[in-house]
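Report on one structure; see the data block that follows.
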Ligand code: THU
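Numbering (this note's numbering), first residue to last: 330 to 460.
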């Protein structure tokens, strides 16, 4: 992974709206054709209605036209190697193949790498719903 995906996730984290948890998170998605889509978590006073950084990044990715996902970076200000929550794993798996890399970061850069398949083994596949 080149450093720019990490930097995009970190820059997104700086814009997190996390006044309740004080747990800013950033995520960035790179498509195989080189486009980067980033996002931060957004919390609101009705706590369950907030959403994760990965979800924001996915919204930008879909809005930007989608495409094949090659790699994803995730960073949290207060936790090294933060991993996507269960709901975000399912959302990411809707678009990212099992072999897509997920980079776990700390403040300085990437400190761990897993694949989507490792994060969500036996995940629900929606193929049958399209028939
Ligand atoms: N959060 C994310 O944005 N991504 C993750 O991978 C884990 C959790 C957010 C949700 C909430 O705003 C805050 O972190 C604390 O759970």
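Using N, Cα and C, we set each Cβ at its ideal position, and we do this for glycine too.
Item	Value
Residue 350 Cβ short of 7 angstroms to the ligand THU heavy atom set	yes
Sheet register partners of residue 403 (DSSP bridge)	356, 433
Terminal residues of the beta strand (DSSP E) in which residue 453 lies	Per DSSP, residue 453 belongs to no beta strand (DSSP E) and is neither H nor E.
Environment of residue 385 [buried if 16+ CB atoms lie within 10 Å]	buried
Alpha-carbon to alpha-carbon, residue 355 and residue 370	7 angstroms
beta-carbon residue 388 near the ligand THU non-hydrogen atom, thresh 7 angstroms	no
Own chain partners of residue 382 with C-beta closer than 6 angstroms, once the 5 adjacent residues on each side are dropped	354, 355, 356, 368, 369, 370
Helix, strand or coil at residue 394 [DSSP, three-state]	coil
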